[in-house]
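Below is one structure, written out as structure tokens; comments come after it.
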Amino acid sequence: MIIDVSDFSLDLTLNSGQTFIWKKIDDTYYSFVDYPISVKELNGKLYIEGNVTESYIRNKLGLYDDITDIERSIDKDDFIHDAINYSHGIRVINDGLWVSTLSFILSIQSNINLIQRYWIVYFYTVYMIYLFFQWTFG
């Protein structure tokens with residue numbers, strides 16, 4: 002599936018510290034939470050592989066939000082203006098309650114690298130279960 006995007010940066014959004022369920026390998030991000038998904042951004046398009054709908058991806062990555070309107074409504078002083086320019090393209094991720102809660106709990110006394118290692122173990126376990134069911138039940 003290919004989705005046209007504007008005012009969006011996959012790298013800035015997924016590396017902003019909001020989420021820890023995506024792993025970047027080369028130029029593609031992978032997640033195995035909810036569904037096995039791979040997402041790559043190239044020239045204003047998202048290339049998605051996985052059994053998900055466009056609506057699911059748009060909701061997950063905050064692509065339904067009118068970022069231009071949001072930025073315009075908060076751009077009231079030089080500090081915020083500079084922050085908007087620095088972070089243009091970041092969207093608010095919708096990871097869901099379980100993932101957000103677990104990420105929050107892990108982040109209380111940890112750091113991003115350690116949290117990502119926890120999630121990698123989780124990814125691997127979920128993916129192995131997924132492959133087992135695919136192999137067993139077709």
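Position one of the sequence shown corresponds to residue 2 (the working numbering), numbered consecutively onward.
C-beta atoms are modelled at their ideal positions from N, C-alpha and C, and glycine is treated no differently.
Predicted model, so just to flag it, every value in this text is computed and none were measured.
- DSSP places T29 in the uninterrupted beta strand (DSSP E) bounded by T29 to S32.
- One alpha carbon belongs to E42, the other to Y31, and they sit about 12 angstroms apart.
- In this structure, D96 lies near Q19, with their beta-carbon atoms less than 9 angstroms apart.
- Taking the Cα of L47 as reference, the smallest distance to any Cα among M2, T54 and T137 is reached at M2.
- In this structure, I91 keeps its C-beta atom at 9 angstroms or more from the C-beta atom of I75.
- Under a 10 Å Cβ-count criterion, K77 is classified as exposed, with fewer than 16 other Cβ atoms of the shown protein chains found around its own Cβ.
- Ranking D8, W136, Q135 and T137 by CA distance to the CA of D70 puts D8 first.
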